[in-house]
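Undergrad: Quick one: structure below, then a few questions.
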Amino acid sequence: PHPASLYDRLAAQKPIFLESRTTAASTSSASAASSVDNTLAAYATAISSAPAHRGALLLSVVGGKLSEGINFSDALGRCVVIVGLPFPNPHSAEWKAKMAYVESKAATTTPTSGPGPAGKGAAAREYYENACMRAVNQCVGRAIRHKNDYAAILLVDRRFATHRIQAKLPGWIRESLVAGSGRGGVAD
């Protein structure tokens with residue numbers, strides 16, 4: 001027999017709800033909204049009716065329907081796990097155009113003494129990282145909605161340990177960071 005997957009082990013402990021994979025292109029926007037509403041209602045019911053401390057898991061994707069614009073305050077959001085950095089696809093036509101535009105604007109505002117210490121492509125890289133971190137910060141902010149609210153925030157990627165990325169996190173998160181230790185950098 002094969003050992004149970006991590007998903008199976010989690011599902012044995014808590015009900016798991018998944019963000020729907022349907023998109024506006026494949027379904028009507030009313031149908032997609034209904035799917036999100038149904039998932040959220042089932043998740044909220046599982047949280048409020050679960051035995052003490054059992055809770056539930058809601059899995060979604062950064063940039064998906066559940067990662068922005070919905071409040072998961074109080075018991076609806078006690079932990080946010082960001083796995084990896086959600087960089088946009090730099091090879092898409094849209095992002096190629098955006099980064100070329102940013103670089104062209106930076107080139108026209110750079111002093112004539114030549115490129116700064118950051119070098120060619122620095123403005124586009126900064127813009128690209130900022131887009132990624134804006135998405136991270138939006139997701140993290142879904143769970144902490146008022147001064148008495150709290151949530152654990154797990155940033156699971158070694159790049160979160162770099163100064164460049166940490167500098168793009170809100171101050172209240174930077175002040176509370178705890179470096180991972182143990183296997184693979186995960187805190188014990």
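Numbering follows UniProt numbering, with no gaps: position 168 of the sequence shown is 168.
Glycine included, every Cβ here is placed at the ideal spot set by N, Cα and C.
Only a predicted model underlies this, so the values are computations on that prediction, with no experimental measurement involved.
From what residue to what residue does the alpha helix (DSSP H) around V102 run?
TA: Numbered from 1 along the sequence shown, position 102 holds the residue referred to as residue 102. V102 -> alpha helix (DSSP H) spans 93-109.
Undergrad: Is A135 closer than 9 Å to P86 when the C-beta atoms are compared?
TA: By 1-based counting over the sequence shown, the position of residue 86 is 86. By 1-based counting over the sequence shown, the position of residue 135 is 135. Taking 9 Å as the Cβ cut-off, P86 and A135 qualify as a contacting pair.
Undergrad: Consult DSSP for L154 and reduce its assignment to one of helix, strand or coil.
TA: Translated into positions along the sequence shown, residue 154 becomes position 154. Here L154 sits in strand by DSSP.
Undergrad: State the DSSP-derived secondary structure class of V61, mapped to helix, strand or coil.
TA: If you number the sequence shown from 1, residue 61 lands on position 61. Correct three-state label for V61: coil.
Undergrad: Taking DSSP as the reference, what is the three-state secondary structure of R169?
TA: Working through the sequence shown from its first residue, we reach residue 169 at position 169. Checking the sequence, you will find Leu at residue 169 rather than Arg. Of the three classes helix, strand and coil, the one that applies to L169 here is coil, per DSSP.
Undergrad: Going by the DSSP bridge assignment, what does V178 pair with across the sheet?
TA: For the purposes of this step, residue 178 is taken as residue 178 along the sequence shown, with counting starting at 1. In the DSSP output, where bridge partners are listed per residue, V178 has none listed.
Undergrad: How is the beta strand (DSSP E) around L18 delimited, first residue to last?
TA: By one-based count along the sequence shown, residue 18 stands at place 18. Where L18 is concerned, the enclosing beta strand (DSSP E) stretches over 16-18.
Undergrad: To the nearest angstrom, how far is the alpha carbon of G116 from that of R78?
TA: Within the sequence shown, numbered from 1, the residue matching residue 116 stands at position 116. Within the sequence shown, numbered from 1, the residue matching residue 78 stands at position 78. Bear in mind that a pLDDT of 48 at G116, under 50, signals an unreliable position, so the model cannot answer this.
Undergrad: If the criterion is Cβ atoms closer than 9 Å, does the pair Y59 and L18 meet it?
TA: Along the sequence shown, read from residue 1 onward, the residue named residue 59 stands at position 59. Along the sequence shown, read from residue 1 onward, the residue named residue 18 stands at position 18. At residue 59 the sequence reads Leu, which differs from the Tyr that was named. Against a cut-off of 9 Å, the Cβ pair of L18 and L59 comes out as a contact.
Undergrad: Decide if the region 143-151 is in contact with the region 62-73; the criterion is three or more beta carbon pairs, one per stretch, under 8 Å apart.
TA: Judged by Cβ distances under 8 Å, the region 143-151 makes contact with the region 62-73, as three or more pairs qualify.
Undergrad: Using C-beta distances below 7 Å, list every residue in its chain close to S113, excluding the 5 sequence neighbours before and after it, in chain order.
TA: Counted from its first residue, the sequence shown places residue 113 at position 113. Because S113 carries a pLDDT of 48, less than 50, the predicted location of this residue cannot be relied on, and the following value inherits that uncertainty. For S113, where only same-chain residues beyond five positions count, there are no Cβ hits under 7 Å.
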